[in-house]
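Asks: Next up is a structure, given as structure tokens.
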Amino acid sequence: MAPTSQTGRLNYCANIIFKFYISQLVQEMFSISKTAKEHRTFIESMAAEDPILKGVPEDKNPFKEKGGCTIS
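As numbered in the numbering used here, the sequence shown has no gaps in its residue numbers, which increase by one up to the final residue, 848.
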């Protein structure tokens, strides 16, 4: 239950903020070398399905020009 006085509300909000910051500091930290290897493995495993690297087939490209217009 939240306090009703102005000072009580400020202290209540400050406590919530402090708890948030403490929870962020307590979170487990991972070494960069481990996470970098995991990221690289994931990216390399998904490269075959990546349309930016592989390209989009012409028949499945939704942005392909449908045809030009002719003015006569």
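Note that CB positions come from ideal geometry on N, CA and C, so glycine has one too.
It should be emphasised that the depicted structure is a prediction, and the values quoted were computed from it without experimental measurement.
Does DSSP classify GLY831 as helix, strand or coil?
Replies: Counted from its first residue, the sequence shown places residue 831 at position 55. In this structure, GLY831 counts as coil in the three-state DSSP scheme.
Asks: With DSSP run on the structure shown, which of helix, strand or coil describes LYS840?
Replies: Residue numbering aside, residue 840 sits at position 64 when the sequence shown is read from its first letter. In the three-state scheme derived from DSSP, where H, G and I count as helix and E and B as strand, LYS840 is classed as coil.
Asks: Could you check how far apart the C-beta atoms of GLU834 and LYS842 are, in whole angstroms? I think they sit under 8 Å.
Replies: Residue numbering aside, residue 834 sits at position 58 when the sequence shown is read from its first letter. Residue numbering aside, residue 842 sits at position 66 when the sequence shown is read from its first letter. GLU834 to LYS842, Cβ: 12 Å. No contact.
Asks: Quick check on the DSSP output: what are the complete alpha helix (DSSP H) runs of length 4 or more inside the segment 779 to 826, in order along the chain?
Replies: 782 to 802, 808 to 822
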